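To start, the structure itself, in structure tokens.
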Amino acid sequence: MNMIECRPSDAPCVFLLGCDRSGTTLVRSILNNHPDVMISYEAPASVTLVETFQQYGMRATIEAMRSFEQFDAVDWLHVFDRLDEVSDVTLADVVAAANNNLLQQNGKHIWGDKTPAYTRFVDTLASMYPNSVFVHIVRDPRAVAASWVQTDWGPNTAFHAGREWQQRVSEADRSLKQLPESRVAVIRFEDFLVDPEKTIQPVCQRIGVPYTSAMLQERDLESDALPTRFFQKLHAKSQERLDPSRTDRWRSIDDRKLALIESQTWELMQLFGYEPTRKTPPSVTNWDRLSSKVHNRLRQVTNQLKQKQSPPVYPLPTH
Numbered sequence: 099m100n101m102i103e104c105r106p107s108d109a110p111c112v113f114l115l116g117c118d119r120s121g122t123t124l125v126r127s128i129l130n131n132h133p134d135v136m137i138s139y140e141a142p143a144s145v146t147l148v149e150t151f152q153q154y155g156m157r158a159t160i161e162a163m164r165s166f167e168q169f170d171a172v173d174w175l176h177v178f179d180r181l182d183e184v185s186d187v188t189l190a191d192v193v194a195a196a197n198n199n200l201l202q203q204n205g206k207h208i209w210g211d212k213t214p215a216y217t218r219f220v221d222t223l224a225s226m227y228p229n230s231v232f233v234h235i236v237r238d239p240r241a242v243a244a245s246w247v248q249t250d251w252g253p254n255t256a257f258h259a260g261r262e263w264q265q266r267v268s269e270a271d272r273s274l275k276q277l278p279e280s281r282v283a284v285i286r287f288e289d290f291l292v293d294p295e296k297t298i299q300p301v302c303q304r305i306g307v308p309y310t311s312a313m314l315q316e317r318d319l320e321s322d323a324l325p326t327r328f329f330q331k332l333h334a335k336s337q338e339r340l341d342p343s344r345t346d347r348w349r350s351i352d353d354r355k356l357a358l359i360e361s362q363t364w365e366l367m368q369l370f371g372y373e374p375t376r377k378t379p380p381s382v383t384n385w386d387r388l389s390s391k392v393h394n395r396l397r398q399v400t401n402q403l404k405q406k407q408s409p410p411v412y413p414l415p416t417h
């Protein structure tokens, strides 16, 4: 075999991303119902193991990947054999070879990974995987904040949740606009809930698979399993029927919290079709900032003591 032909990293793949609490897990669940698609749950080895690969090489990287529960079923001997056929193996080749092995075991053809924080790594992933497609799920920032502040991790105030949404969505949007349209699908979570078939069809087209109505039928819970009880509890709604009423649940937020969220997201949310409750951007006083900062810190300390929930098992690096 020609040593430069058919690198594992050249195979088609898909990355699901979006601000946390935006519905990425539910979209993953629907896509995994396709007979050709298999998307893992938050196994971001492509960005977390860069330093390991650069300093210690392929074998050390594979050893590190074996700590990911998502790779438990990989036949690593087969992966080694596959990588022996490739010259100048890259980290992307290692990750892709492992995922391609899982595809073969499950009779599927396109692998992917759902990690919300990929919003910060679009450029890196696009370069590593030249035939990758990115699916960006966007949700109303007020709904994101309402959900996020109830968790024991992440932003703990409306102000901080709004600011995080602004940063994450804007960063992903900037990076995705640099890619060809054929590699990007952007969907609003609300549209997905109201008309899932109409919303998911263009995603299938981007990924390169035919849409099938079976994707919206009862899901295969075994193939869709989440890795730990923490994640199962965190994403309990992803196993429920699609509920369009979820689009308006943020309306129960009190007016002051809405103002704090919209003060951070006012312009960007409109670009994605979300109408603010005010005609002009709400102002934020120094007292608002200080009280939000203090409350956020107190919640963080309290949450650490409670230890009921924890952040993702495989935290991503910062830029």
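If you want my numbering, it's the 1-based position in the sequence shown plus 98.
A virtual CB, placed ideally from N, CA and C, is assigned to each residue, including glycine.
None of the values given here were measured: they were computed from a predicted structure.
Selected residue, minimal CA-CA separation from residue i, among the options
i    : options                : result
A243 : S144, G116, W348       : W348
Y139 : F151, G260, K212, P133 : K212
S107 : T188, Q168, A162       : T188
L124 : S361, P294, P374       : P294
A357 : Y216, V192, G260, P133 : G260
D289 : L147, F169, V307, G371 : G371
C111 : V247, D191, W246       : D191
V177 : N198, D170, S185       : N198
V172 : G155, V193, D186, Y154 : V193
Q362 : F169, T122, A109, W263 : W263
S127 : Y154, P142, G210       : G210
R354 : I160, R240, D221       : R240
P300 : A256, F232, Q265       : F232
In DSSP terms, what residue i is bridged to
i    : result
A283 : V233
E138 : It is worth fixing the name first, because residue 138 is Ser in this sequence and not Glu. According to DSSP, which records beta bridges pairwise, S138 is partnered with D211.
V112 : G210, V231
7 Å Cβ shell around residue i - same chain, five flanking residues per side excluded
i    : result
F291 : Note that residue 291 is Leu in the sequence shown, not Phe. Same-chain partners within the cutoff: L340, D341, P342, R344, T345.
H207 : D134, L201
I105 : One point to set straight first is that residue 105 is Arg, not Ile, in the sequence displayed. V184, D191, listed in sequence order.
Reduced DSSP category for residue i - H, G, I as helix; E, B as strand; rest coil
i    : result
K377 : coil
F151 : helix
F290 : helix
T123 : helix
Y372 : coil
W364 : helix
F166 : coil
E262 : helix
A171 : coil
R105 : coil
Y216 : helix
S343 : helix
V193 : helix
L277 : coil
E183 : coil
T249 : coil
Beta-carbon proximity list for residue i, same chain, < 6 Å, skipping 5 on both sides
i    : result
E360 : P374, P380
F219 : V145
V284 : H234
G205 : none
F169 : M163, A196
Same chain only: Cβ atoms within 8 Å of residue i, ignoring 5 sequence neighbours per side
i    : result
S120 : P214, I235, V236, R237, V242, F287
S96  : Here the chain has residues from 99 to 417 only, and residue 96 is not among them.
D221 : S273, Q276
Check whether the region 250-258 and the region 176-184 are in contact - that is, three or more C-beta pairs closer than 8 Å. no
With a threshold of 8 Å, are at least 3 pairs of Cβ atoms found where one atom belongs to the region 113-122 and the other to the region 159-172? no
Quick check: the region 309-316 against the region 229-236, are there 3 or more CB pairs under 8 Å? no
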